[in-house]
Amino acid sequence: MPPIPLFRDRQEAGEKLAQAVLQEVEQLDLLLPMRAIVYALPRGGLPVAAPVARSLNCPLDVVIAKKVTRPENPELAIGAVTADGHIIRSRQGAFIQPLGGSWRLALQEAQAKAQEQLEQFTASRPQIDPKGAIAVLVDDGIATGMTMAVAARALRAKRPAKILICAPVAPLELVSLLKHWGDRVIVLAAPETFLSVSRFYAEFPQVEMEEALACLVQQNEG
15 MPPIPLFRDR QEAGEKLAQA VLQEVEQLDL LLPMRAIVYA LPRGGLPVAA PVARSLNCPL
75 DVVIAKKVTR PENPELAIGA VTADGHIIRS RQGAFIQPLG GSWRLALQEA QAKAQEQLEQ
135 FTASRPQIDP KGAIAVLVDD GIATGMTMAV AARALRAKRP AKILICAPVA PLELVSLLKH
195 WGDRVIVLAA PETFLSVSRF YAEFPQVEME EALACLVQQN EG
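Read in order, the letters of the sequence shown correspond to residues 15 to 236 in this note's numbering.
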């Protein structure tokens, strides 16, 4: 029996997530006043991240990360890579991936897709350095955690003061692992039985590039 959806759509999930993130950022800000920047994982993460950025009254940017998959099984992620070349390889992938150039080829293809998507977003991105800021990393849900982890690694290289990993829903077993990548993990629901992110939304259409770009433009030009 499918679960009762936790969220109507990404907009509602983002509004609920924004409340939790705002509380966390306010607590951090009391310790040491810092500016915040919200980073979304496109494209699905942008409609969720937009309400978070509005609540914090801060810029909205993106981190582009793509799963590395086996050619014969594109649903099976064996790693993840960002557009700027940060890489995570799954422990399972180390065992199931045969020797040879297939890993390198899959990695190159995934990074090329990430770089192509980054070019589509470049004109709408804010030109802002996260060094010393609170970096709030948002997606519409976390399934394997690999794209979120590699995105956090890429952000860490830019030396923000703190990284908050945020999503409306993630598997219970992943929450503790995500703490290795971020300074705080904010997840509204962590069910033991997961299967897919879409199961927790009543409406979960694919986010088109036009909508994703509009989220960036509206927040950064407002």
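Even for Gly, the Cβ is constructed at its ideal location relative to N, Cα and C.
C-alpha distance - residue i paired with residue j, whole-angstrom precision
i	j	result
T207	G59	22 Å
A27	V150	16 Å
D154	V62	6 Å
L119	R57	24 Å
P144	A171	10 Å
Beta-carbon proximity check, residue i vs residue j, cutoff 7 Å
i	j	result
E217	D23	yes
A91	K81	yes
H100	V164	yes
A175	W195	no
Per DSSP, the bridge partner or partners of residue i
i	result
C180	V152 and I200
R103	G93
F21	Y215
N- and C-terminal bounds of the beta strand (DSSP E) containing residue i
i	result
T161	Careful: T161 lies outside any beta strand (DSSP E), inside the alpha helix (DSSP H) at M160 to R170.
K81	A79 to R84
L90	N87 to T96
V76	L74 to V76
Residue interval of the alpha helix (DSSP H) (run including residue i)
i	result
D43	R24 to L45
A50	From DSSP, A50 is part of no alpha helix (DSSP H) but of the beta strand (DSSP E) over A50 to A54.
Q233	M223 to E235
**Asked** Does the count of Cβ pairs from the stretch 184 to 192 and the stretch 128 to 136 closer than 8 Å reach three?
**Response** They do not touch, by the three-pair rule.
**Request:** Examine the Cβ distances between the stretch 196 to 216 and the stretch 227 to 235 and report whether three or more of them are shorter than 8 Å.
**Result:** Verdict: no, contact absent.
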